[in-house]
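Under this note's numbering, the first residue of the sequence shown is numbered 2, with each subsequent residue one higher. Just so you know, even glycine gets a beta-carbon here, dropped at the ideal spot from N, CA and C.
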Amino acid sequence: MTHQQMLSFAIVAGMMALFVWGRFRYDLVAVMALLVAVLVGIVPADKAFSGFSDDIVIIVASALLVSAAVAKSGVLEAALNRAAPYLRSEQSQVVVLVTAVTVLSAFVKNIGALAMMIPVAFQIARRTNTLPSSFLMPMAFGSLLGGIVTLVGTSPNIIVSRVRGELLGEPFGMFDFTPVGVGIALAGVAFLAFGYRLLPKGRKGAASLDEALNIKDYVTEARVIPESDVVGQTVADLHKLANGEVKVAAIIRNETRSSSPLPDVMIRENDLLMLEGESEALESTVARAGLKLSREHRQPETDEATDEIGVIEAIVGPGSVLAGWSAGRIGLYERFGVNLIAVSRSGERFKERLRTITLRPGDVLVLQGNLKKLPDTLRDLGCLPLAEREIRLGNARRSFVPVAILGVTMVLVAFNVLPVSIAFFGAGVLLVLFGALTLREAYETIEWPIIVMLGALIPVSESIRTTGGTDLIAGWLSSAAQMLPPTGALVLIMVAAMAVTPFLNNAATVLVMAPIAASFATQLGFRPDAFLMAVAIGAACDFLTPIGHQCNTLVMGPGGYRFGDYWRLGLPLSIIVVAVGTPLIMFFWPLG
C-alpha cells in the first residue's frame, strides 16, 4: 500500500467515523474531508471544486424542484381523495398508499414523493381512526423501492450512471434500471401489503406544529365561476367533494343570503359560498371544486420582480387598529394593501360577509399580501404572526402544469432527445416561469446540505480511484470471492453496499463503492454492469435503520417509531431484495 493510498483510506475512514459519531452534520463532514484531501495532496487544488459542476448535482437539485411542484399541484391528493371513501380496511389503506408512493417515486425523487404523500396518509388515518404508524414506515420503504425503478428516482442510480459513463464511455439511461427495479418493487410491495403487521402496535408520533395550531373554524368566501365543477350540483355534492371536512355555512345569491342551506340546494354560477373548515381543507376544496376566493382578484402590489404574493396567519392583538372595525370599513386593502382571506373566532360561527365582520382581539386572520411588506404591515395593524407553518389558502395553484412538464421531461429523456441533466434543469426553469413554484419556494425546496455533500465528496471519492485504492480493495474482495460462484460475488457486493449505507449515507456509499465494484468485476473477469447495479440497489435499499436514508428519517417522528422498529420490517424486506434482485440482475445484465 502506497503512502497516497494510505492517506486516501485514512480520510475516508475518518469521514465514516464522523458520520457514525453524528456530532457534525454530514455536509460539514464532507467539506472537512475535501479540505484535508486537498491539503495532503491527494486531491489537486484545481480539481477541488469539480464536484459542484458535476451533472449529479444538477440532476438531484432539479429532481427536488420537480417533486415539490408536483406535490404543490395537489393532483395526487385529489386522485387519492376520490379513492379514500372506499379504503375501509387498514390493509387496503396500506396497499393503496404504498403502491402510490412507490409508483410516484419512480418519476420524482423518492424523498419528494414521500413528503407529498405523508399529509394524504394523515388525512386517511384521521378519517378512519387509524394510527398513521401503520402506514408511514411501509410508505418510506415503498419510496425506496420505487426510487430504484428509474435513473432519477434516487441519488445512487444517478451516481452509478456517472461511474459507468467514466468507465465504459456510456452512462446508464433513464430506464436501464427499470426491468430489475420493477421486479424488486413488485416483490417488496407484495410483502409490505402483509408485512406491515410486523410493526409494533400503538406507536404514536408527537404532535406536530400544524396539529398544535390546528384551527378548525376558519370562514372564507369563494365565488362559483362558470368553470367551477360544482355548477349545477347540490350542497351535499360539495360536502362529499370535501370529504365532510368543509361545510357550506351560507350561500349569497343576488345579494340574498341563505344561511345553513339544505343539502339539496342547487349551486349556481356566480353564487358566493361561505365555507367553514380548517385552512388545509378549505384550500383543497376551493382548488378541487374550481372556485375562486372572492378577494383574490384584488392583486396586492409588488414593487420589484422579486417580490412575491403569499399568505400569513396572524392574531388580532389587544391594541390592534382592526379591533372594533371590519375589513371593509377600515379599508384593509385600500390602506394596507392586504386581502382578508379567512377569519376564525373560537366558539363562534359568523353570519355576515367577511368584509363586514367586526374584528375583535384574539381573532385569527389569514391575510394575503406582498411577502416583503407583510411583516411591516402586521406591525402597523397591531397583529401578531403565528409560528411559521405552510398555509396555502389564497395561493393560486396550477394543478396540471407540473405534471405536464414532468411528462414531457420523461419523454425527452426516454428517447434520448436531451441529456438527463439538461432535461431536468429545463423542467425546473419552466416550473418557475409558469408559476408552479415561486423563486423563494424553489430555493427553499433544494436540500442544500445534500448538494454540498455531493459536491465535496465527488473529488474525495475520486481520490480513492486515482491513487489505486479501488484496485487494492477489489483485489482483497477478489481473494474473498475466489471460493464463491458468480452469484455469490454479486450478492457479496450488494450486501456490502447495504451494510455500509446506514453509516455512510446512500450517496456517499455509492461514491465510494461503485468504483470498487467495477474494479472487482474486472479482476474477476466479469462485465461491471451487473456489479454497478448491485451497488445501486444495495445503497438505495436501506431498510434497517432510520439514519441510512432521509425517507426513513422523515417518518420516524410522525410515526412515533423507535430505532429498533426498523429492522423488524426491514430485515425480511432486505432479504427479499437480495433474493429477487440478484437473479434479475444476472438475467438482464449478464456477467459475461
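Through-space distance from residue j to residue i, alpha-carbon basis
| i | j | result |
| --- | --- | --- |
| residue 403 | residue 458 | 31 Å |
| residue 366 | residue 92 | 40 Å |
| residue 297 | residue 432 | Residue placement at residue 297 cannot be trusted, given a pLDDT of 48 that sits under 50; the coordinates are not used to answer. |
| residue 284 | residue 333 | 22 Å |
| residue 509 | residue 369 | 43 Å |
| residue 259 | residue 346 | 21 Å |
| residue 17 | residue 570 | 26 Å |
| residue 64 | residue 314 | 30 Å |
| residue 405 | residue 422 | 18 Å |
| residue 228 | residue 270 | 9 Å |
| residue 583 | residue 419 | 31 Å |
| residue 6 | residue 94 | 52 Å |
| residue 466 | residue 43 | 11 Å |
| residue 425 | residue 89 | 39 Å |
| residue 213 | residue 129 | Low local confidence applies: a pLDDT of 43 at residue 213 is under 50, so the model's placement there is unreliable, with the coordinate-based value given in what follows. Near 21 Å, if we compare the C-alpha coordinates of residue 129 and residue 213. |
| residue 387 | residue 318 | 12 Å |
| residue 208 | residue 112 | Because the pLDDT at residue 208 is just 48, under 50, the model does not fix this residue reliably, and the value given afterwards should be weighed accordingly. If you take the alpha carbons of residue 208 and residue 112, they lie about 22 Å apart. |
| residue 201 | residue 440 | 42 Å |
| residue 151 | residue 15 | 33 Å |
| residue 236 | residue 119 | 29 Å |
| residue 51 | residue 493 | 32 Å |
| residue 535 | residue 577 | 14 Å |
| residue 76 | residue 117 | 11 Å |
| residue 164 | residue 446 | 27 Å |
| residue 211 | residue 281 | Only weak support exists for where residue 211 lies, its pLDDT of 46 falling under 50; the value from the coordinates is given anyway. Rounded to the nearest angstrom, the two C-alpha atoms are 10 Å apart. |
| residue 178 | residue 413 | 17 Å |
| residue 246 | residue 127 | 11 Å |
| residue 375 | residue 311 | 9 Å |
Per DSSP, cross-strand counterpart(s) of residue i
| i | result |
| --- | --- |
| residue 248 | 277 |
| residue 257 | 254 |
| residue 1 | Residue 1 lies beyond the residue range present for the chain, which begins at 2 and ends at 593; the question has no answer from this structure. |
| residue 223 | 274 and 294 |
| residue 385 | 316 |
| residue 371 | 310 |
| residue 175 | In the DSSP output, where bridge partners are listed per residue, residue 175 has none listed. |
| residue 267 | 235 |
| residue 340 | 369 |
Exposed unless 16 or more other CB atoms sit within 10 angstroms - verdict on residue i
| i | result |
| --- | --- |
| residue 40 | exposed |
| residue 4 | exposed |
| residue 20 | buried |
| residue 359 | exposed |
| residue 162 | buried |
| residue 483 | exposed |
| residue 336 | exposed |
| residue 357 | exposed |
| residue 486 | exposed |
| residue 532 | buried |
| residue 159 | buried |
| residue 503 | buried |
| residue 277 | buried |
| residue 264 | exposed |
| residue 172 | buried |
| residue 226 | exposed |
| residue 136 | buried |
| residue 353 | exposed |
| residue 175 | buried |
Expected contact under 8 Å - CB spacing of residue i and residue j to nearest Å
| i | j | result |
| --- | --- | --- |
| residue 181 | residue 589 | 6 Å |
| residue 220 | residue 351 | 5 Å |
| residue 289 | residue 242 | 6 Å |
| residue 223 | residue 287 | 5 Å |
| residue 581 | residue 12 | Rounded, the Cβ-Cβ distance is 36 Å, inconsistent with contact. |
| residue 262 | residue 253 | Not a contact, Cβ separation roughly 10 Å. |
| residue 204 | residue 567 | Contact doesn't hold; Cβ gap of about 12 Å is too wide. |
| residue 192 | residue 573 | 7 Å |
| residue 68 | residue 109 | 4 Å |
| residue 407 | residue 71 | 6 Å |
| residue 98 | residue 529 | No, residue 98 and residue 529 are not in contact; Cβ-Cβ is about 37 Å, not under 8 Å. |
| residue 383 | residue 338 | About 16 Å; that fails the 8 Å criterion. |
| residue 479 | residue 527 | In fact, because the Cβ distance is near 11 Å, the residues do not count as touching under 8 Å. |
| residue 233 | residue 275 | Wrong, their Cβ atoms sit about 20 Å apart, outside the cutoff. |
Is the region 489 to 499 touching the region 530 to 549, taking contact as three or more C-beta pairs under 8 Å? yes
| contact_flag[the region 94 to 106, the region 512 to 520] where n(CB pairs < 8 Å) is 3 or more | no
Would you check if the region 21 to 34 and the region 446 to 464 touch, i.e. whether three or more CB-CB distances between them fall below 8 Å? yes
* Is the number of C-beta pairs between the region 547 to 561 and the region 134 to 148 that are closer than 8 Å three or more? -> yes
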